[in-house]
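Each residue of the sequence shown is one higher than the one before, counting from 56 in our numbering.
I have placed the structure first, in the form of structure tokens, so that the comments after it can refer back to it.
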Amino acid sequence: MSGGRIGKPAQQIITFTMANQTGLYCVANQTVPKYYNTKKGLSKNPEWLCIEGVPCIIISNDETKYTLNSFTSSVYREFDVNVDEFNTLFTPIEPDANNLLHLEKYPYPINCNEFEYRTKVNDFETILKKVFREKVISETTRKIFEDKIFQIIQAQGSQYITMKDYFSFINGEKKLSKHERFGHEIFNRNCRWCPPIDITYDEFVETKSYPAPLGIRPKDFCLPSELMETIKELINQILNFDNFPSDEFNYLKEKFPFVQKINTFCKYCGECLDYQEYNSEYKSSTNFMEICHRDPNVNFIKTNMYWGHCDCNRKQGGYSEKSVMLDGVKLMFLNGVINDDEYKLLISKINL
Ligand SMILES: [Zn+2]
56 MSGGRIGKPA QQIITFTMAN QTGLYCVANQ TVPKYYNTKK GLSKNPEWLC IEGVPCIIIS
116 NDETKYTLNS FTSSVYREFD VNVDEFNTLF TPIEPDANNL LHLEKYPYPI NCNEFEYRTK
176 VNDFETILKK VFREKVISET TRKIFEDKIF QIIQAQGSQY ITMKDYFSFI NGEKKLSKHE
236 RFGHEIFNRN CRWCPPIDIT YDEFVETKSY PAPLGIRPKD FCLPSELMET IKELINQILN
296 FDNFPSDEFN YLKEKFPFVQ KINTFCKYCG ECLDYQEYNS EYKSSTNFME ICHRDPNVNF
356 IKTNMYWGHC DCNRKQGGYS EKSVMLDGVK LMFLNGVIND DEYKLLISKI NL
């Protein structure tokens, strides 16, 4: 089930109003499935349009209902709630004098213009896809792009319950046996500006939304404007791999101002990734390169993300570079490679 992913507007959508016209926002108190508005009435299937802690734009309201657009949906996805439901499920919020929304579930305030950035991300993705399908682009380049762009744009999660399972639980049809784990707090796929969630299963069970998901892994999180920068950075890195065809580089540089010659390399081993290895027999495309975090405790922002070797990412093992450096120095000390003074000096340099 889609989590209201940014996508091309469905043709049946008619009720599109420009964001910020009402200038009013609210935040969802709970994750619940909602049917969105279409030309023919409500959508056939519900989606996770209302996610705990996520702000919505109040598109319009009258005496009977509110029409909302959630930050985690496409700008075209609107849904209605009646007044009673609005009062239960949502809390009205106002941006501060700097146009920032302060939200409990987010690590930093969100500028209201991030709602519009959703469209910019969407448009950018569309343009990229078009250009990478052009004739001048080789099969290998196209394949790398197609294999990887989705991973850059969306947050990947793990299995979570289907709508069917959710409703059967809510209706009381689904009975849980003792110790049975049901539901997952992380969406399988959703946009990167869902709330970052880092709680235990037991804490999840105690939330109002349970068993509906709450958000994405913190390391996957970034705002739409931040994602634009991360996309540019990661694409530019690919175009600067060793042996990337220079004619294609020049062509893409003409198309996209962000394309620049840079010195790029796997931050763990210091070697530049080799474009030609992408299709090699020894290293299948799934084993060669992956998106790596310099520090997995930091989110999906430009300065933290790079293409590294899968082997290197595995060696880093979910720890920050700093943490691995500290381990390395300690091992050197324990094995007599460095003395106590050298050990202390290196530790202090790493901890700067
Ligand atoms: Zn490497």
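We put the CB at the ideal spot given by N, CA and C, even for glycine.
Nothing here was measured: the structure is a model prediction, and the numbers come from that model.
**Q.** Quiz: which residues have CB nearer than 6 Å to ligand 1 non-hydrogen atoms
**A.** In chain order, the qualifying residues are CYS321, TYR323, CYS324, GLU326, GLY363, HIS364 and CYS367.
Q. Run through DSSP, which three-state label would SER301 get?
A. If DSSP states are grouped into helix, strand and coil, SER301 belongs with the helices.
Q.
Can you give me the C-alpha to C-alpha distance between LYS99 and THR93, rounded to a whole angstrom?
A. Approximately 9 Å, taken between the alpha carbons.
Q: Would you grab the beta carbon distance between MET380 and ILE405 for me? Rounded to a whole angstrom, and I think it's under 8 Å.
A: Between MET380 and ILE405, the beta carbon gap of about 5 Å places them in contact (Cβ cut-off 8 Å).
**Q.** Contact under 7 Å by Cβ, ALA210 with THR86
**A.** Using a Cβ distance threshold of 7 Å, ALA210 and THR86 do not count as a contacting pair.
Q: Return helix, strand or coil for CYS367, following the three-state DSSP convention.
A: Looking at CYS367 - three-state DSSP - the assignment turns out to be helix.
Q | ASN390 versus PRO351 - alpha carbon distance | A | Spanning the alpha carbons of ASN390 and PRO351 requires a straight line of approximately 28 Å.
(Q) Within the continuous beta strand (DSSP E) that includes LYS99, where are the two ends? (A) Counted as a single uninterrupted DSSP element, the stretch harbouring LYS99 is not any beta strand (DSSP E), since DSSP gives it neither H nor E.
Q: Report, in whole angstroms, the separation of the C-beta atoms of ILE216 and GLY238, which I expect to be a contact under 8 Å.
A: Indeed, because the Cβ distance is near 5 Å, the residues count as touching under 8 Å.
Q: Would you kindly report the start and end of the unbroken beta strand (DSSP E) that includes GLN421?
A: Past the boundaries of the shown model lies residue 421; the chain is included only from 56 to 407, so the question cannot be answered.
Q. When the distance is taken between beta carbons, is ARG247 closer than 7 Å to ASP202?
A. No; because the gap between Cβ atoms is not below 7 Å, this pair is not in contact.
Q | Three-state secondary structure (DSSP) of VAL136 | A | In the three-state DSSP reduction, VAL136 falls in the strand class (E or B).
Q. Under a three-way DSSP split, which group does VAL82 fall into?
A. In the structure shown, VAL82 sits in a strand (DSSP, three-state: E or B).
Q.
If distances are taken between C-alpha atoms only, which option among ILE148, LYS160 and GLU169 comes closest to VAL130?
A. Nearest C-alpha to VAL130: GLU169.
Q | Beta-carbon proximity check, ILE252 vs LEU269, cutoff 7 Å | A | Closer than 7 Å, so yes.
Q.
Counting C-beta neighbours from all protein chains within 10 Å, is the total for ILE199 16 or more, i.e. buried, or is it exposed?
A. So ILE199 counts as buried.
Q: Could you check the C-alpha separation between ILE148 and PHE242 for me, to the nearest Å?
A: Each residue's alpha carbon lies about 25 Å from the other.
Q. Can the beta-carbon of ASN295 be found less than 7 Å from the beta-carbon of GLN331?
A. Between ASN295 and GLN331, the CB-CB gap reaches or exceeds 7 Å.
**Q.** Distance, PRO300 Cα to TRP103 Cα
**A.** TRP103 and PRO300 have their C-alpha atoms some 43 Å from each other.
**Q.** Sequence-distant residues of its chain with Cβ nearer than 7 Å to ASN137 (five each side left out)
**A.** Here ASN137 has THR119 and LYS120 as same chain residues with Cβ atoms under 7 Å from its own Cβ, once five neighbours each way along the sequence are excluded.
Q. Quick one, are the C-beta atoms of VAL289 and ILE356 less than 7 Å apart?
A. Here residue 289 turns out to be Leu, not Val, going by the sequence shown. LEU289 places its beta carbon 7 Å or farther from that of ILE356.
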